[in-house]
Amino acid sequence: MSNPSEVVVVSVPVDGERVLPDASWLEWMTAILFSVLAWQVALTCAVLIWAFPGDDQRRHRYSTKTSAFVVKFARCGRIYMIAFAVIYAVLIPAAVLAARAANADVDADAISNARTVMQVGPRASQQQIKSQYRKLMLIHHPDKNPDDMPNATKTSQQITEAYRILTGQERPVRPPAW
Numbered sequence: 001m002s003n004p005s006e007v008v009v010v011s012v013p014v015d016g017e018r019v020l021p022d023a024s025w026l027e028w029m030t031a032i033l034f035s036v037l038a039w040q041v042a043l044t045c046a047v048l049i050w051a052f053p054g055d056d057q058r059r060h061r062y063s064t065k066t067s068a069f070v071v072k073f074a075r076c077g078r079i080y081m082i083a084f085a086v087i088y089a090v091l092i093p094a095a096v097l098a099a100r101a102a103n104a105d106v107d108a109d110a111i112s113n114a115r116t117v118m119q120v121g122p123r124a125s126q127q128q129i130k131s132q133y134r135k136l137m138l139i140h141h142p143d144k145n146p147d148d149m150p151n152a153t154k155t156s157q158q159i160t161e162a163y164r165i166l167t168g169q170e171r172p173v174r175p176p177a178w
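Taking this note's numbering, the leading residue of the sequence shown gets 1, the next gets one more, and so forth.
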């Protein structure tokens with residue numbers, strides 16, 4: 001059986017760092033779709049410029065067969081551009097929702113880890129969290145443990161960060177040093 005004053009050390013983000021899940025599939029998909037869309041726009045613009053140079057030049061430079069092909073290709077290009085616009089209209093909100101869901105999972109994990117560090121249950125009140133914070137800081141404060149200063153400092157920082165997460169307090173911002 002473990003000592004009741006013993007703290008279980010769990011990795012809690014410190015100094016505002018956020019641990020985000022790997023979103024490389026989303027980055028790759030977005031990059032591929034943007035590059036395909038850019039090539040489609042460039043190709044359609046080039047075909048339109050080549051197909052319709054101006055009224056005085058068109059009748060002498062291109063045959064009817066070539067012009068018909070280019071016009072069909074340009075119409076097809078417009079359809080592809082509309083299709084990609086629709087895909088992006090669906091993809092971008094889906095990506096935003098996926099990112100929000102990933103951040104919600106990270107926040108839930110951070111709160112769970114903070115409760116483990118603070119040794120409180122999920123239904124603990126703010127008063128119980130504050131009381132537990134004071135008890136743990138009295139035990140693990142670096143001034144109370146001068147012989148184990150590095151470990152006590154690390155543990156007290158984790159306890160403080162867990163308390164900040166559970167109470168919803170923002171990290172104090174230091175003014176710039178002049």
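Ideal Cβ positions, reconstructed from N, Cα and C, are used throughout, including at glycine.
### Task
Determine the direct distance from the alpha carbon of ASP107 to that of ARG134, and round the result to whole angstroms.
For this step, residue 134 is matched to residue 134 along the sequence shown. For this step, residue 107 is matched to residue 107 along the sequence shown. Approximately 24 Å, taken between the alpha carbons.
### Message
How far does the alpha helix (DSSP H) with LYS135 in it extend, from its first residue to its last?
### Response
For the purposes of this step, residue 135 is identified with residue 135 of the sequence shown, where counting begins at 1. LYS135 -> alpha helix (DSSP H) spans 126–140.
### Query
Around the Cβ of PRO146, are there at least 16 other Cβ atoms within 10 angstroms (buried) or fewer (exposed)?
By one-based count along the sequence shown, residue 146 stands at place 146. Classification for PRO146: exposed.
### Message
Between ALA162, THR167 and SER131, which has its C-alpha nearest ALA110's C-alpha?
### Response
For this step, residue 110 is matched to residue 110 along the sequence shown. Cα-wise, what sits closest to ALA110 is ALA162.
### Within 8 Å, strictly: CB atoms of ALA124 and ILE165
Against the sequence shown, residue 124 aligns to sequence position 124. Against the sequence shown, residue 165 aligns to sequence position 165. Cβ distance not < 8 Å, so ALA124 and ILE165 don't count as in contact.
#### Entry: C-alpha distance - ARG58 paired with ALA94, whole-angstrom precision
As a first step, residue 58 is located in the sequence shown; it is residue number 58 there, counting from the start. As a first step, residue 94 is located in the sequence shown; it is residue number 94 there, counting from the start. Caution applies to ARG58, whose pLDDT of 49 falls short of 50 and renders its modelled position unreliable; the model cannot decide the point.
### Pick from THR116, VAL41 and ALA98 that is closest to ALA83, judged by C-alpha positions
Mapped onto the sequence shown, residue 83 falls at position 83. Closest option to ALA83, Cα to Cα, is VAL41.
#### Entry: Other residues of its chain near MET137: CB distance less than 7 Å, five sequence neighbours each side excluded
For the purposes of this step, residue 137 is taken as the residue at position 137 of the sequence shown. SER156 and ILE159.
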